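For what it's worth, the working numbering labels the leading residue of the sequence shown as 597, then goes sequentially. A quick write-up on the structure given underneath.
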Amino acid sequence: WAFQAMEKNGIDYGVAPMPKLPNGQPMKTFVGVKGWHVTSFSKQNDLATKFTEWVTNEENAKIRFEKTKEIPPVKSVMEDPIIKDNEAAKAVATQSENGIPMPNIPEMQEVWKPAGDALQLVVTEKEAPKSALDSAVKQIKGNIEANHSKKK
């Protein structure tokens, strides 16, 4: 999701799968995908179905990758040399094999800022990883309790 913006701005970047943990297991990361569906409330079910089939076909998945750098969720398209030979696409595909689906729940909005802040503190060496991440977890749990608790 960020490759297009980095390329557009001339940022020289690299991408690699996450390293293995000390126990040899791969790191698990969230995997998110865009999905298309036709709701039962659609007043033009046939047209909506045709659009969904069109936007998700192999040809358009490849075009979407060329235009947006979004990794296509179509396995057959991943074998196309334009994607298969792309280092960023390969890294994302490899990491996706070890990923878990990102929960589609409102509480996820409470994760990103504390997690991003913790990573910033770690990479700028302003805080040790364990301390920064422990603080982030505490903040995330507090935010979820405050903003999503059924006790309100």
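Even for Gly, the Cβ is constructed at its ideal location relative to N, Cα and C. As the structure is a prediction and not an experimental result, all values here were calculated from the model.
How big is the Cα-Cα spacing for residue 731 and residue 620? 26 Å
> Ordered along the chain, which non-local residues of its own chain (more than five positions away) have a Cβ less than 7 Å from that of residue 626?
Replying inline: 695, 696 and 698
**Prompt:** Is residue 637 helix, strand or coil when you go by DSSP?
**Reply:** coil
**Message:** Looking only at its chain, what residues have a beta carbon closer than 6 Å to the beta carbon of residue 706, apart from the 5 residues adjacent to it on each side?
**Reply:** The answer, listed in chain order, is 736, 739 and 740.
Pairing CB atoms from the region 674-682 with CB atoms from the region 653-661, are three or more of them under 8 Å? With the cut-off at 8 Å, the region 674-682 and the region 653-661 touch.
Q) Quick one: what's got a C-beta closer than 8 Å to residue 686's C-beta in the same chain, skipping five residues either side? A) Around residue 686, the same chain offers 680 as residues with beta carbons nearer than 8 Å, after the five sequence neighbours per side are excluded.
According to DSSP, which residues form a beta bridge with residue 622? 616
| task | Might you give, ordered along the chain, the residues of its own chain that have their beta carbon closer than 7 Å to the beta carbon of residue 624, omitting 5 neighbours on each side? | result | 694, 695 and 696
Q | Secondary structure of residue 670, DSSP reduced to three states | A | coil
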